[in-house]
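Asker: Can you read through this structure? Questions will come right after.
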Amino acid sequence: MNREAPKEVRERLEHLKKTIEHHRYLYHVLDKPEISDEALDSLKNELVTIETRYPELLTPDSPSQRVAGEPLPEFVKIKHEIPQWSFNDAFTEEDITEFDARVKRFLNEKYGNVSPEYVCELKIDGLKIVLTYEKGFLITGATRGNGKVGEDVTLNVRTIGSVPLRLKEDVDVVVEGEAWIGSKELERINKERAKKKEPLFANPRNLVAGSIRQLDPKVVASRNLEFFAYDMARFSEKIPNEQIGELEELKKLGFRVNPNFELCRDVHDVILYWRKWQKKKDKESYWIDGVAVKVSKREYQDALGYTGKAPRFAIAFKFPPEQVTTVVEDIVFQVGRTGVITPVANLTPVSVAGTTVSRATLHNEDEINRLDVRIGDTVILQKAGDVIPDIVSVVKEMRDKNSKPYKFPTKVAACGDDGKIERIQGQAAWRCVNKNSFAQQKRKFYHFVSKHAFDIVHMGPKNIDLLLEHGLIANFDDIFTLKKGDLLGLPRFAEKSADKLLGSIEERKKISLPRFITSLSIPNVGEETAEDLALKFGTIENLEHAELPELENISGVGGVVAQSVLDWFAEKENKELVRKLLRHVHVLHETKKHGPAPFAGKRFVITGTLPTLSRDEAAQKIKDLGGDVSSAVSSNTDFVVAGEGPGSKYDKAKELGVEIIDEEELLRLLKKR
DNA sequence: TGTCCTCGAGTTCC
DNA sequence: CTCGAGGACA
3 MNREAPKEVR ERLEHLKKTI EHHRYLYHVL DKPEISDEAL DSLKNELVTI
53 ETRYPELLTP DSPSQRVAGE PLPEFVKIKH EIPQWSFNDA FTEEDITEFD
103 ARVKRFLNEK YGNVSPEYVC ELKIDGLKIV LTYEKGFLIT GATRGNGKVG
153 EDVTLNVRTI GSVPLRLKED VDVVVEGEAW IGSKELERIN KERAKKKEPL
203 FANPRNLVAG SIRQLDPKVV ASRNLEFFAY DMARFSEKIP NEQIGELEEL
253 KKLGFRVNPN FELCRDVHDV ILYWRKWQKK KDKESYWIDG VAVKVSKREY
303 QDALGYTGKA PRFAIAFKFP PEQVTTVVED IVFQVGRTGV ITPVANLTPV
353 SVAGTTVSRA TLHNEDEINR LDVRIGDTVI LQKAGDVIPD IVSVVKEMRD
403 KNSKPYKFPT KVAACGDDGK IERIQGQAAW RCVNKNSFAQ QKRKFYHFVS
453 KHAFDIVHMG PKNIDLLLEH GLIANFDDIF TLKKGDLLGL PRFAEKSADK
503 LLGSIEERKK ISLPRFITSL SIPNVGEETA EDLALKFGTI ENLEHAELPE
553 LENISGVGGV VAQSVLDWFA EKENKELVRK LLRHVHVLHE TKKHGPAPFA
603 GKRFVITGTL PTLSRDEAAQ KIKDLGGDVS SAVSSNTDFV VAGEGPGSKY
653 DKAKELGVEI IDEEELLRLL KKR
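Residues in the first sequence are numbered consecutively from 3, following my numbering.
Dropping the structure here:
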């Protein structure tokens, strides 16, 4: 029994309906989508969820009641002799496991305990086309339409190079496949359209659908469409009894078949294939939105048959969407190590690109204004660089009439004291006026023990919080006077964990000068600058007494950084801190072994996950031989070392023609010298 | 002064 | 990874 829908839900439903209708109109009628298909899907999903929960709210005019793919009136309709089923969808590994169990249950009745093999093929994001051949000649080409009736697009299909007009054998056959367009071609066409001030295509599928449904075949021919065949029916010869055989047969007849299909022994292999392609999907020139999974044996396929709307022997195993919509529940503020205030949106948790996201940074005040994001807004969310959640835009149609622009606060409680904040002229960030807030202090501690500073392995943010809370540490040097007795009184701390923590502190009582400088949180001085300073001054005492001209003399250090260093050492407490730290810590003044430096002047950038080395290890090896490792690719970069799953740097390197090598090659270079 | 490059700082989830 | 800003160089 359902409760009656609350007012908020009814209102949200109305907003959803209007918004979806609006974007559907932009997409299908005006051919000018403003949001991605995935974002629109996400809104539709929410609509269906609400309607399922509260069936009394479902009305016939709801966008959820619209049948997709009705043929357009401009085209002659073709009745499909072979019904064109659509596949059911699986979105998660549980879904696919359940599908496998269902298949086995069904086959069990007839064949007993069998374990069917599956064929996995890439599901290309294009437009499904049905080709009918008689005696080897192409007779018609049709869109899928609603599955029973499609549009006759024969003239347009004939312009596609990879669709054979005549087969290699004089057979009758109906072939199904996907028409698609490569991303390069999409770019080319969009460039041309931009010149003519015509609206751009948002993605390849829009372009394919738009092209195939062109009334003028000449326009279609000017766009380089491609075609992959994947299924056959009504074959006048014998249809092979395995799905793979069918693909081979299609190749023999002269079709292009996507080469990345695989025969999987069981559902576990299917999942591995899916995971593999989820990572690799952006490397192909076509768009892939999932994996088509089919029971391989034709006999089993026939036994499984069809439900009312989809085959039981196959399923579309979709990749997680990379763009979804969600709601901004609140905007909160974080205080960084330097006192910078970062606004963060708390979101209704959603799954995007395979992980659940509940927070996203809003960067700064300007970004909030640019997006015009407000609390309660429905927003489009994606992952920037595959990791960091990023709010792309606000779905303004979903916004309440009474909502007002978000006003950046004048006070942030976490800044302590009266919470006052300031924004320095010409800078993007607001900062706490109070430089000693607890929040900021905490962040400095995180930095002090972090990997590139003191690297105290078992001292993470959790433990820092705990120690601060219990008043066991207040200054950095307190870390080195911790006693076992102090720790044992803390929750979650017993013999073992206490020993471990004290052990890792002990290990770091010897530290290199660059790391020591990095750990101090001197504004504008990071790892790289710390290295430069260490090289120039040799000891922390020399650095402490450095003067402005000396500092500015260093390449990479200008007025701002130099003053920043001077200001830091001018503070009495900071001098005191260094003095106290040196009581417990031995700073190694290693005389740099100036071995051979064959990589001198060579600049490297590392991206992705390397097979054996971590990125830091690889960087160290390069630096040992005199090479430079920088974080961004530019025309000055000599080599990009790319591993598994590289990001935008890989593309940038390609664009600039920078040499790309893998770990193996890097190691070879390192050895050779 | 303008442009390009590099570094610092902040970020999320598992 | 991305953004902003500091620094080098023409």
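By construction, the Cβ of each residue, glycine as well, lies at the ideal position given by its N, Cα and C atoms.
What's the C-alpha gap between D664 and G603?
Answerer: Residue mapping note: residue 664 aligns to position 662 of the first sequence, counting from 1. Residue mapping note: residue 603 aligns to position 601 of the first sequence, counting from 1. Roughly 20 Å between the two C-alpha positions.
Asker: Using DSSP bridges, identify the partner residues of E264.
Answerer: The residue given as residue 264 occupies position 262 in the first sequence. Note: E264 sits in a beta bridge opposite C122.
Asker: Is W432 helix, strand or coil when you go by DSSP?
Answerer: Against the first sequence, residue 432 aligns to sequence position 430. Looking at W432 - three-state DSSP - the assignment turns out to be strand.
Asker: To which residues of the same chain is K34 closer than 6 Å at the C-beta, ignoring the five residues directly before and after it?
Answerer: Counted from its first residue, the first sequence places residue 34 at position 32. If we look at K34 and ignore the five residues flanking it on each side, its Cβ neighbours are L28, P201.
Asker: For the alpha helix (DSSP H) containing Q325, list its first residue and its last residue.
Answerer: One-based indexing of the first sequence puts residue 325 at position 323. Looking at the DSSP string, Q325 is not in any alpha helix (DSSP H); the run it does join, the beta strand (DSSP E), is 325-337.
Asker: For the beta strand (DSSP E) that contains I290, what are its first and last residues?
Answerer: As a first step, residue 290 is located in the first sequence; it is residue number 288 there, counting from the start. Note, I290: beta strand (DSSP E), 290-297.
Asker: Is the region 210-220 in contact with the region 119-135, if contact means three or more CB pairs nearer than 8 Å?
Answerer: Taking 8 Å as the limit for Cβ pairs, the verdict is that the region 119-135 does touch the region 210-220.
Asker: Could you spell out where the beta strand (DSSP E) holding L553 opens and where it closes?
Answerer: Working through the first sequence from its first residue, we reach residue 553 at position 551. Unbroken run through L553 is the alpha helix (DSSP H), 550-555; no beta strand (DSSP E).
Asker: Three-state secondary structure (DSSP) at I458?
Answerer: Locating residue 458 in the first sequence gives position 456, where the first residue counts as 1. I458 falls in the coil class under three-state DSSP.
Asker: In the DSSP assignment, the beta strand (DSSP E) including V607 goes from what residue to what residue?
Answerer: For this step, residue 607 is matched to residue 605 along the first sequence. Its beta strand (DSSP E) spans residues 605-609.
Asker: Between the alpha carbons of K20 and P65, how many angstroms are there, rounded?
Answerer: In the first sequence, residue 20 corresponds to position 18, counting from 1. In the first sequence, residue 65 corresponds to position 63, counting from 1. Their backbone Cα atoms lie some 9 Å apart in a straight line.
Asker: In its own chain, which residues sit with a C-beta less than 7 Å from the C-beta of E13, not counting the 5 before and 5 after it?
Answerer: Sequence index remark: in the first sequence, residue 13 carries index 11 (1-based). No residues qualify anywhere along the chain.
Asker: According to DSSP, simplified to helix, strand and coil, what is N371?
Answerer: Indexing the first sequence from 1 puts residue 371 at position 369. It is helical.
Asker: How would you label E666, buried or exposed, when you count the other beta carbons within 10 angstroms and need 16 or more for buried?
Answerer: If you number the first sequence from 1, residue 666 lands on position 664. Flag for E666 reads exposed.
Asker: Taking 8 Å as the cut-off, decide whether the C-beta atoms of V293 and L306 are in contact.
Answerer: The sequence position of residue 293 within the first sequence is 291, counting from 1. The sequence position of residue 306 within the first sequence is 304, counting from 1. No, these two residues do not count as a Cβ contact at 8 Å.
Asker: Exposed or buried, T531, counting other C-beta atoms within 10 Å across all chains shown (16 or more means buried)?
Answerer: Counted from its first residue, the first sequence places residue 531 at position 529. Buried is the call here.
Asker: Taking its Cβ as the centre, do 16 or more other Cβ atoms sit within 10 Å of D233, making it buried, or is it exposed?
Answerer: Residue 233 sits at position 231 when you count from the first residue of the first sequence. The residue in question, D233, is buried, as its Cβ has 16 or more Cβ neighbours within 10 Å.
Asker: Provide the residue span of the beta strand (DSSP E) that contains N348, from first to last.
Answerer: Here residue 348 refers to the residue found at position 346 when the first sequence is read from its first residue. 342-354 is the extent of the beta strand (DSSP E) around N348.
Asker: Should V607 and A572 be called a contact, given that it needs their Cβ atoms to be closer than 8 Å?
Answerer: Numbered from 1 along the first sequence, position 605 holds the residue referred to as residue 607. Numbered from 1 along the first sequence, position 570 holds the residue referred to as residue 572. No, these two residues do not count as a Cβ contact at 8 Å.
Asker: Counting Cβ pairs closer than 8 Å, one from the region 314-325 and one from the region 269-285, do we hit at least three?
Answerer: Touching, yes.
Asker: Taking the straight line between their C-alpha atoms, what separation do you get for K398 and V381?
Answerer: On the first sequence, position 396 is the one that residue 398 refers to. On the first sequence, position 379 is the one that residue 381 refers to. Straight-line Cα distance between these residues: approximately 8 Å.
Asker: Is the region 244-259 touching the region 220-236, taking contact as three or more C-beta pairs under 8 Å?
Answerer: With a cut-off of 8 Å, the region 220-236 and the region 244-259 count as touching, because enough Cβ pairs lie within range.
Asker: So A92 and I84 are supposed to be a Cβ contact under 8 Å. How far apart are they, rounded?
Answerer: On the first sequence, position 90 is the one that residue 92 refers to. On the first sequence, position 82 is the one that residue 84 refers to. Actually they do not touch by this definition, with Cβ atoms about 24 Å apart.
Asker: Starting from the Cα of V354, find the closest Cα among V11, A41, H17, E6 and give me that residue.
Answerer: Sequence index remark: in the first sequence, residue 354 carries index 352 (1-based). Selected option, being the one with the closest Cα: A41.
Asker: Beta-carbon separation of Y120 and V295 under 8 Å?
Answerer: As a position in the first sequence, residue 120 is number 118, starting the count at 1. As a position in the first sequence, residue 295 is number 293, starting the count at 1. For Y120 and V295, yes; Cβs fall inside 8 Å.
Asker: Output the distance between the C-alpha atoms of A655 and A386, rounded to the nearest integer angstrom.
Answerer: Sequence index remark: in the first sequence, residue 655 carries index 653 (1-based). Sequence index remark: in the first sequence, residue 386 carries index 384 (1-based). Taking the straight line joining both Cα atoms gives about 19 Å.
Asker: I141: buried (16+ other C-beta within 10 angstroms of its C-beta) or exposed?
Answerer: Stepping through the first sequence from its first residue, residue 141 is reached at position 139. I141 should be labelled exposed.
Asker: Are three or more beta carbon pairs between the region 454-462 and the region 501-520 nearer than 8 Å?
Answerer: A contact exists between the region 454-462 and the region 501-520.
Asker: Under the three-state reduction of DSSP, which class applies to S206: helix, strand or coil?
Answerer: Translated into the one-based positions of the first sequence, residue 206 becomes position 204. The sequence shown places Pro at residue 206, not Ser. In this structure, P206 counts as helix in the three-state DSSP scheme.
Asker: Should the region 337-354 be regarded as contacting the region 399-419, the criterion being three or more beta carbon pairs within less than 8 Å?
Answerer: At 8 Å Cβ cutoff, the stretches touch.
Asker: According to DSSP, is A1 part of a helix, a strand, or is it coil?
Answerer: The question about residue 1 has no answer here: the residues shown for the chain are numbered 3 through 675.
Asker: Alpha carbon to alpha carbon, how far is R168 from E239? Give it in angstroms, no decimals.
Answerer: As a first step, residue 239 is located in the first sequence; it is residue number 237 there, counting from the start. As a first step, residue 168 is located in the first sequence; it is residue number 166 there, counting from the start. Approximately 16 Å between the Cα atoms of the pair.
Asker: What number of angstroms, rounded off, separates the C-alpha of G505 from the C-alpha of P391?
Answerer: Counting from 1 along the first sequence, the entry for residue 505 is found at position 503. Counting from 1 along the first sequence, the entry for residue 391 is found at position 389. For G505 and P391, the distance between alpha carbons rounds to 37 Å.
Asker: Got a sec? Which residues, its chain only, sit under 7 Å from K502 by beta carbon, not counting five neighbours each side?
Answerer: Taking the first sequence and counting its residues from 1, the one referred to as residue 502 is at position 500. So the qualifying residues of the chain are H460.
Asker: Please classify G491 as buried or exposed, where buried requires at least 16 neighbouring CB atoms within 10 angstroms.
Answerer: Counted from its first residue, the first sequence places residue 491 at position 489. Under this definition G491 is an exposed residue.
Asker: CA-CA distance, K403 and H17?
Answerer: For the purposes of this step, residue 403 is taken as the residue at position 401 of the first sequence. For the purposes of this step, residue 17 is taken as the residue at position 15 of the first sequence. Using only the alpha carbons, I get a separation of about 11 Å.
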